[in-house]
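*Asks:* Chains as they are written, first to last, in the numbering used here: chain L, 14 to 209; chain W, -18 to 186. Don't be surprised by glycine CBs; every beta carbon is placed ideally from N, CA and C. This structure is in structure tokens; I'll ask about it shortly.
Have a look at this one:
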């Protein structure tokens, strides 16, 4: 039974879950999407523990509302929409809970990120690549969420423009425009890295 | 269209490449186990509760504002009922019934006129003057100040020393309105004073 279910597409699996309440179909879908969803949410929210919780909530919501899924849409579109909405809610909650530290600046969105002196870092703990990745992630968190989401879906999760447009219920032109704006903001923040 | 995409992608080539090469974060090994435990224990109610609390913080201040406005409205309305009526600001109502001369101590004689439109006034020097009073002063129900009436043409000087006394005065307030006295000695004294003033004026002429 497991082999047979593993060969089914996402849409067939969810239909099996809706019609026969087959828990194995649900488990297969969770296995297929958990990693990519966690990666997407982590890049969007910036916190590992929060991203685990958000994806858990996404899967639970998927389980509870499985009957609301309509077969004319792709399953990946549907589940990414749930995950994105929960991630945005978490961001809003974080914003309200933020603790202001003395000396922190709130107008540093346009400020380019300083490339840390690699000599000050312990070589056995950090590599160049790791430092660079950290800087890129910080830059991602500085751009507007509406652009950040688009850039992550296109450049990290590698969705097509059409899939993103269907997911967000936007025109392809709007999707492309937002992606380009997000990339421009990112490049501006990372200009110190790309100077080298 | 494709060439446009390629152009924009070329502009951000290095950035796109770095984003693609970011390390992928994987789910922890116990992710599915924890998930199934939550579903079996019915812990998914938390997901629904979280959603409700997002709206709660918006509704509570708005409803508090509305409630406080309603309470203030009722408080203000209630305090307005305690307003004390200022009788001084009111024009006194004059009765349209006939005024009669009342016998007073010190006044020498009295006479009642049969004609309801005229009035008889007794003064200390024994001169009895019967004069017709303007009907609108008495017949209309509006309040009228004595000063205004005296200052009208044809009425000046006539009413000095005269007191219109109602048969049953109903208020005793001072001010610029007609103030019926109960003290008849006082009336006589005032009359005498007015008479002496008039006499001195006539002599000067």
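Leaving out the 5 sequence neighbours to the left and right, which residues in its chain are closer than 8 Å to residue 67/L when beta-carbon positions are compared?
*Replies:* Walking along the first chain from the start, residue 67/L turns up at place 54. Answer for residue 67/L: 54, 58, 96, 99, 100 and 103, listed in chain order.
*Asks:* Using a beta-carbon distance below 8 Å, is residue 43/L in contact with chain W?
*Replies:* Walking along the first chain from the start, residue 43/L turns up at place 30. Answer yes: the Cβ-Cβ gap between residue 43/L and chain W drops below 8 Å somewhere.
*Asks:* Count the other CB atoms, across all protein chains shown, that sit within 10 Å of the CB of residue 203/L; report buried if there are 16 or more and exposed otherwise.
*Replies:* Indexing the first chain from 1 puts residue 203/L at position 190. By the 10 Å Cβ count, residue 203/L comes out buried.
*Asks:* Applying a beta-carbon distance threshold of less than 8 Å, which residues of chain W neighbour residue 47/L?
*Replies:* Looking up residue 47/L in the first chain gives position 34. Neighbours of residue 47/L on chain W, chain order: 8, 12 and 13.
*Asks:* Tell me which residue opens and which closes the alpha helix (DSSP H) that residue 176/L is part of.
*Replies:* Position 163 of the first chain, counted from the start, is the residue given in the question as residue 176/L. Here the alpha helix (DSSP H) through residue 176/L covers 174 to 181.
*Asks:* When you compare the stretch 68 to 82 of chain L with the stretch 14 to 25 of chain W, are there three or more beta-carbon pairs, one atom per stretch, that lie closer than 8 Å?
*Replies:* Cβ pair count under 8 Å is three or more, so yes.
*Asks:* For residue 199/L, return the contacting residues in chain W, with the cut-off set at a CB-CB distance below 9 Å.
*Replies:* Counted from its first residue, the first chain places residue 199/L at position 186. The answer, in chain order, is -7, -4 and 0.
*Asks:* By the criterion of Cβ-Cβ separation under 8 Å, what are the contact partners of residue 69/L in chain W?
*Replies:* Taking the first residue of the first chain as position 1, residue 69/L is located at position 56. Neighbours of residue 69/L on chain W, chain order: 12, 15, 16 and 19.
*Asks:* With three or more beta-carbon pairs closer than 8 Å as the criterion, would you say the stretch -7 to 3 of chain W touches the stretch 139 to 151 of chain L?
*Replies:* Yes, since at least three Cβ pairs between the stretch -7 to 3 of chain W and the stretch 139 to 151 of chain L fall closer than 8 Å, the two stretches touch.
*Asks:* By the DSSP assignment, the alpha helix (DSSP H) with residue 186/L in it spans what residues?
*Replies:* One-based indexing of the first chain puts residue 186/L at position 173. Start and end: 185 to 202.
*Asks:* Determine, for residue 3/W, whether the minimum Cβ-Cβ distance to residues of chain L falls below 8 Å.
*Replies:* What you label residue 3/W is simply residue 22 of the second chain in a count that begins at 1. Yes - at least one Cβ of chain L is within 8 Å of the one on residue 3/W.
*Asks:* Counting only the same chain and skipping the five closest in sequence on each side, list residues whose C-beta sits under 6 Å from that of residue 207/L.
*Replies:* Residue 207/L sits at position 194 when you count from the first residue of the first chain. The answer is none, since no qualifying residue turns up.
*Asks:* Compare the beta carbon distance of residue 192/L and residue 167/L with 8 Å and say whether it is the shorter of the two.
*Replies:* Position 179 of the first chain, counted from the first residue, corresponds to residue 192/L. Position 154 of the first chain, counted from the first residue, corresponds to residue 167/L. For residue 192/L and residue 167/L, yes; Cβs fall inside 8 Å.
*Asks:* Hey, residue 38/L and residue 29/L: beta-carbon distance below 8 Å or not?
*Replies:* Counting from one through the first chain, the residue named residue 38/L turns up at place 25. Counting from one through the first chain, the residue named residue 29/L turns up at place 16. Contact flag set, yes.
*Asks:* How is the alpha helix (DSSP H) around residue 13/W delimited, first residue to last?
*Replies:* Counting from 1 along the second chain, the entry for residue 13/W is found at position 32. Where residue 13/W is concerned, the enclosing alpha helix (DSSP H) stretches over 12 to 22.
*Asks:* Shortest alpha-carbon distance to residue 169/L belongs to which of 51/L, 155/L, 78/L and 42/L?
*Replies:* Locating residue 169/L in the first chain gives position 156, where the first residue counts as 1. Checking every option, the nearest Cα to that of residue 169/L belongs to 51/L.
*Asks:* Could you work out which residues of chain W lie near residue 65/L, taking near to mean beta carbons separated by less than 8 Å?
*Replies:* As a working note, residue 65/L is residue 52 in the first chain. In chain order: 8, 9 and 12.
*Asks:* Any beta carbon from chain W within less than 8 Å of residue 156/L's own beta carbon?
*Replies:* Stepping through the first chain from its first residue, residue 156/L is reached at position 143. It does not: the Cβ of residue 156/L has no partner Cβ on chain W nearer than 8 Å.
*Asks:* Buried or exposed: where does residue 179/L fall if 16 or more other Cβ atoms within 10 Å of its Cβ makes it buried?
*Replies:* On the first chain, residue 179/L is found 166 positions in, with the first residue counted as 1. Classification for residue 179/L: buried.
*Asks:* Whole angstroms are fine: how far does the CA of residue 161/L sit from the CA of residue 16/L?
*Replies:* Taking the first chain and counting its residues from 1, the one referred to as residue 16/L is at position 3. Taking the first chain and counting its residues from 1, the one referred to as residue 161/L is at position 148. Whole-angstrom Cα-Cα distance: 38 Å.
*Asks:* Counting contacts by CB-CB distance shorter than 8 Å, is residue 40/L in contact with chain W?
*Replies:* Start at 1 with the first residue of the first chain, and residue 40/L comes out as number 27. Yes, residue 40/L lies at the interface with chain W (some Cβ there is under 8 Å from its Cβ).
*Asks:* Taking the beta carbon of residue 195/L as the centre, do at least 16 other beta carbons fall within 10 Å, making it buried, or is it exposed?
*Replies:* What you label residue 195/L is simply residue 182 of the first chain in a count that begins at 1. Buried, since its Cβ has 16 or more Cβ neighbours within 10 Å.
*Asks:* Identify whether residue 156/L lies in helix, strand or coil by the three-state DSSP scheme.
*Replies:* By 1-based counting over the first chain, the position of residue 156/L is 143. Note: residue 156/L maps to coil in three-state DSSP.
*Asks:* Hey, how far is the Cα of residue 41/L from the Cα of residue 49/W?
*Replies:* What you label residue 41/L is simply residue 28 of the first chain in a count that begins at 1. What you label residue 49/W is simply residue 68 of the second chain in a count that begins at 1. Residue 41/L and residue 49/W: Cα-Cα distance of roughly 54 Å.
*Asks:* Looking at the structure shown, is residue 8/W part of a helix, part of a strand, or coil, going by DSSP?
*Replies:* On the second chain, residue 8/W is found 27 positions in, with the first residue counted as 1. Coil, per DSSP.
*Asks:* What's the C-alpha gap between residue 90/L and residue 49/L?
*Replies:* In the first chain, residue 90/L corresponds to position 77, counting from 1. In the first chain, residue 49/L corresponds to position 36, counting from 1. Looking at the two C-alpha atoms, the distance is approximately 13 Å.
*Asks:* Got a sec: is the Cβ-Cβ distance from residue 141/L to anything in chain W below 8 Å?
*Replies:* Translated into positions along the first chain, residue 141/L becomes position 128. Closer than 8 Å: no.
*Asks:* What residue from 165/L, 176/L, 107/L and 27/L has the CA that sits closest to residue 78/L's CA?
*Replies:* By 1-based counting over the first chain, the position of residue 78/L is 65. Among 165/L, 176/L, 107/L and 27/L, the Cα nearest to that of residue 78/L is on 27/L.
*Asks:* Output, in chain order, the set of chain W residues within a Cβ distance shorter than 8 Å of residue 19/L.
*Replies:* Residue 19/L sits at position 6 when you count from the first residue of the first chain. Those do not exist, as residue 19/L stays about 15 Å from chain W at its closest Cβ, beyond 8 Å.
*Asks:* By alpha-carbon positions, which one of 154/L, 86/L and 88/L ends up nearest to residue 108/L?
*Replies:* Within the first chain, the letter at position 95 stands for residue 108/L. Nearest C-alpha to residue 108/L: 154/L.
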